[in-house]
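This report concerns only the one structure given below.
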Amino acid sequence: MSQCRKRCKRQINKVARYFYRFLMGTLTQDSVEDDFELSTVCHRPESMDKLQEQTKFTKKELQVLYRGFKNECPSGVVNEENFKTIYSQFFPQGDSSMYAHFLFEAFDTNKNGSVSFEDFVFGLSIILRGTINDRLNWAFNLYDLNKDGCITKEEMLDIMKSIYDMMGKYTYPTMQDDTPREHVETFFQKMDRNKDGVVTIEEFIESCKKDENIMQSMQLFDNVI
Amino acid sequence: MAAGVAAWLPFARAAAIGWMPIANCPMPVAPRDNSRKQDELIILNVSGRRFQTWRTTLDRYPDTLLGSTEKDFFYNEETKEFFFDRDPDAFRSILNFYRTGKLHYPRHECISAYDEELIFFGIIPEIIGDCCYEEYKDRKRENLERLQDDQEENKDIKLPNMNFRETMWRAFENPHTSTMALVFYYVTGFFIAVSVITNVVETVPCGSTANHKDMPCGERYTVAFFCMDTACVMIFTVEYLMRLFAAPSRYRFMRSVMSIIDVVAILPYYIGLVMTNNEDVSGAFVTLRVFRVFRIFKFSRHSQGLRILGYTLKSCASELGFLLFSLTMAIIIFATVMFYAEKGSSSSKFTSIPASFWYTIVTMTTLGYGDMVPKTIAGKIFGSICSLSGVLVIALPVPVIVSNFSRIYHQNQRADKRRAQKKARLARIRISKSGSANAFLQSKRNGLLSELLELTGKEEDEQKLLKSPSLLETQHHHLLHCLEKTTAHEFVDEQLYEHNCLETALQTYRSSSPAIPDSPVTTCCGRRRERNHDEANTTLPCSHLVPSHQDPLLELSAFQMQRCDLRSHHASRSKLNLRTNDRISCKSGRITTAIISLPTPPALTPDGDSLHGPTLRRAPLPSGHQAATAGLQITTGSCSSNIVKVSAL
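Right, here's the structure in full:
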């Protein structure tokens, strides 16, 4: 009851303040102050030497990467919206937002909602300069949406759908509705050794190492930068 | 793909690791980046200001000058940089385009200069970012309007071969072009005023007569007014028919607003003539007389301000529409409210909602006649709210209309000012152009003199005479000379030409028409032949006489005049002739040509001459021409008399 009265009082207060501001002509002044908080986040990365120690990139490569990074994100950090926008520019036909979301989750290792240059470079270092094991680990991390150590069919289905979404509508042969699901089945058949419905990291790495195609495609990343 | 995110392509490719384990078939082979050269800094030297950027930055837009191999044309080997001889300030925004992917338009920059820079560097202006696009488009539109204004003014220049119809149309459209047009303009204006005043005075009570008191003048002096009306309508009809005849596109003219106004102005009279006898329609006929007031709109041909007003109203049509709509809404609302508020009160004037419309309109526009006033308290309250909101609703669209009017009016003022200044500007430009033309003529004379001096062997004088012109001038003059040779016409001084026209005009009055060949024959060899044969009246090469817009008759008479003079000097020339007889070349022909052609009208005026030679004295040749009777003395300012005589030959 007292809560009700408090709420009533607060409302009446708000209405009275509104009318006062309406009469004095200062109605819109409040909103200006609110906007200030959002955009002043800025981030500076660690020194190049430290980054060079921690990653496997040379100084020149770090320079190129940072210049590209800072060009798109002058404030030094990428938030998810920005990330999605940048990634979508590479896939104009389809909808890459879900996959970009998963990527963002994978890059954002400290889970603070933004990807700094260090996160960016660490991730790239693993993918482009890491060992096969590292790379497979990273991929597993990407698939494991809730980071519990195993990939369920639902998680895999989400990933699969996001990848197929990037293709868009105009494909040949035409995309069927159950294509992702079938693909997930194939995947699980290949990866799930003990047929328990989830894929653990050991199963994953083992099955991938046994697969010729996957091993070969992992070599692609050696020459990206 | 926006080039700005090209830097993130490695990231996108790395992110593809998520697809690898899922894929069932092998991936395609990755492209190898064989040119493993490091990203290098490029120096762009723009008029001394050095800009540096990465090569990859410029490579983002391969279909522009800087992004393609076209920039290699500007590469300077010694300094190992790309040199562009352009404006460094404008280059800033262009380089920023490569860096950020967005092209901005700097507001202080002139629009045509900026456009030129964009075209030079191969960037299409349409990619200007949204922040600057409005400004860019506005400035471009203004520039276009200014150019159109200039083009329209150029149309005022009389074209040589306009037939009667076109001349008449031009006279109608621009009364300032000829005196007749101006007279016509003022006469029609006067008659419009007379007609309007007649219409007004017609209804004034003119004093009483025996039968009726206070008759309007129209009924008292019927005949006089009728005559006046007839006269005005005659004039208007004649004017309309003449315009219709002269219009280049009659259909379009008949559809134009002014012609409709003209028709509406004169039609009631004719309808009245036809229908006076019929009693039934005479009532309608009386109503038709109302349309006579449209004659006042004919003034818009005479007044630019009226035209601007009309144009403003047309361009603010949406604002006016909004005003009307909002007023209507408010009127209906308040009329309803007032009606129901006043319904209770007895002897209320608010008998129905439409009746309340009148009150609402009068109150909202703050007129307040007072013929309808609310009596109940509720009515008074709503009436006051009505008048307060009326002020608001009417005040809102008015500034938009006013600003539109102001913009168009100022534009017109600027155009008028430009037109007024144009005369002075053109005069100054003409002077500087003729300076360069005279430089050519002077150098030609110098060339002649130098040749003659070669012939006569007076070397010292030659050195004294000539000041060496620059290489550019020499080459330019050589070019003009080649043109003269090609067309077999020559450049001559303007004053001389005008003098010539006067002379020939006088000549035609006096002399009988000689036997004239119809077609001018043009060769320089012809001239030589003529000199050699020394004939008086045979086919005179009229080659160097003027083309199209001059009467061959006039030219020939001038030539004849010359011929008489030349004959008198044949003796003194003979020596020269003998010497140069054997040298059959255009050079010698040039000598005689110079002699003969000096008094003749010019073939071409060197237009677009970019060189500004020294502004020479303009008057030597006319005086020389007058001396033709005496001895064809040509005085050039810098020459001694000795040499003059020789050249006169």
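Protein chains in written order, with our numbering: chain A, 251 to 475; chain B, 324 to 972. In this text, a Cβ means the ideal position worked out from N, Cα and C, and glycines have one as well.
Beta bridge pairing from DSSP links arginine 373 (chain B) with B:Asn368. Taking CB atoms only, proline 429 (chain B) has no neighbour in chain A less than 8 Å away. DSSP, read as helix, strand or coil, puts glutamate 440 (chain B) in helix. The beta-carbon of serine 364 (chain A) is placed no less than 8 Å from the nearest beta-carbon of chain B.
Interface flag for alanine 338 (chain B) against chain A is set, since a Cβ pair is found closer than 8 Å. If you keep only unbroken beta strand (DSSP E) runs of at least 3 residues inside the region 322-398 of chain A, you get 327-329 and 364-366. A residue is called buried once 16 or more other Cβ atoms fall within 10 Å of its Cβ, and asparagine 761 (chain B) is buried on that count. Taken through DSSP and simplified to helix, strand or coil, cysteine 529 (chain B) comes out as coil.
Going by C-alpha positions, valine 328 (chain A) is about 16 Å away from glutamate 296 (chain A). When DSSP states are grouped into helix, strand and coil, isoleucine 401 (chain A) belongs to the strand group. Not flagged as an interface residue toward chain B: isoleucine 401 (chain A), since no C-beta distance is shorter than 8 Å. Between isoleucine 345 (chain B) and tryptophan 388 (chain A), the C-beta gap is not smaller than 8 Å, which leaves the two residues out of contact. Counted as a single uninterrupted DSSP element, the stretch harbouring valine 696 (chain B) is not any alpha helix (DSSP H), since DSSP gives it neither H nor E. Just measuring C-alpha positions, the residue of B:Leu611, B:Leu775 and B:Phe420 sitting nearest tyrosine 384 (chain B) is B:Phe420.
Looking at the DSSP output, asparagine 399 (chain B) bridges to B:Glu404. Tyrosine 592 (chain B) and glutamate 562 (chain B) have their C-alpha atoms spaced approximately 16 Å apart. Glutamate 330 (chain A) has a beta carbon lying at 8 Å or more from every beta carbon in chain B. When 9 Å is used as the limit between beta carbons, isoleucine 717 (chain B) is near no residue of chain A, the shortest such separation being about 22 Å.
Shortest Cα-Cα distance from alanine 664 (chain B) to any of B:Cys639, B:Gly693, B:Gly691 and B:Ser707 involves B:Ser707. CA-to-CA, the gap between aspartate 552 (chain B) and glycine 628 (chain B) works out to about 27 Å. For isoleucine 345 (chain B), the neighbours in chain A by C-beta distance under 8 Å run, in chain order, Ile409, Met410, Ile413, His433 and Phe437. In the structure shown, valine 815 (chain B) adopts coil according to DSSP, grouped into three states. The three-state reading of DSSP puts valine 506 (chain B) in helix, counting H, G and I together.
Closer than 7 Å at the C-beta level to chain B, one finds these residues of the region 443-475 of chain A: Cys458, Asn463, Ile464, Gln466, Ser467, Met468, Leu470, Phe471, Asn473, Val474 and Ile475. The beta carbon of methionine 350 (chain B) sits closer than 8 Å to some beta carbon of chain A. Using a C-beta cut-off of 8 Å, the region 414-428 of chain A makes no contact with the region 360-379 of chain B, since fewer than three inter-stretch Cβ pairs fall below that distance.
With 16 or more neighbouring CB atoms inside 10 Å of its own CB, glycine 713 (chain B) falls in the buried class.
The count of Cβ pairs closer than 8 Å, one atom from the region 398-406 of chain B and one from the region 440-452 of chain B, stays below three, leaving the stretches out of contact. When the Cα atoms are used, methionine 348 (chain A) and arginine 415 (chain B) turn out to be separated by approximately 39 Å. Around the CB of aspartate 408 (chain A), 16 or more other CB atoms lie within 10 Å, so the residue is classed as buried. Under the three-state reduction of DSSP, valine 352 (chain B) is assigned to coil, being neither helix nor strand. A distance of 8 Å or more separates the beta carbons of serine 726 (chain B) and lysine 698 (chain B). Proline 354 (chain B) and glutamine 313 (chain A) have their alpha carbons spaced roughly 23 Å apart. Within the same chain, and ignoring the five residues on either side of threonine 402 (chain A) in sequence, the residues whose Cβ sits closer than 6 Å to its Cβ are Val448. Measuring C-alpha to C-alpha distances from cysteine 348 (chain B) to each of A:Asn473, A:Arg443, A:Glu322 and A:Ser467 identifies A:Ser467 as the nearest. Minimum Cα-Cα distance from aspartate 472 (chain B) among the listed residues B:His801, B:Thr797, B:Ala738 and B:Gly758 corresponds to B:Ala738.
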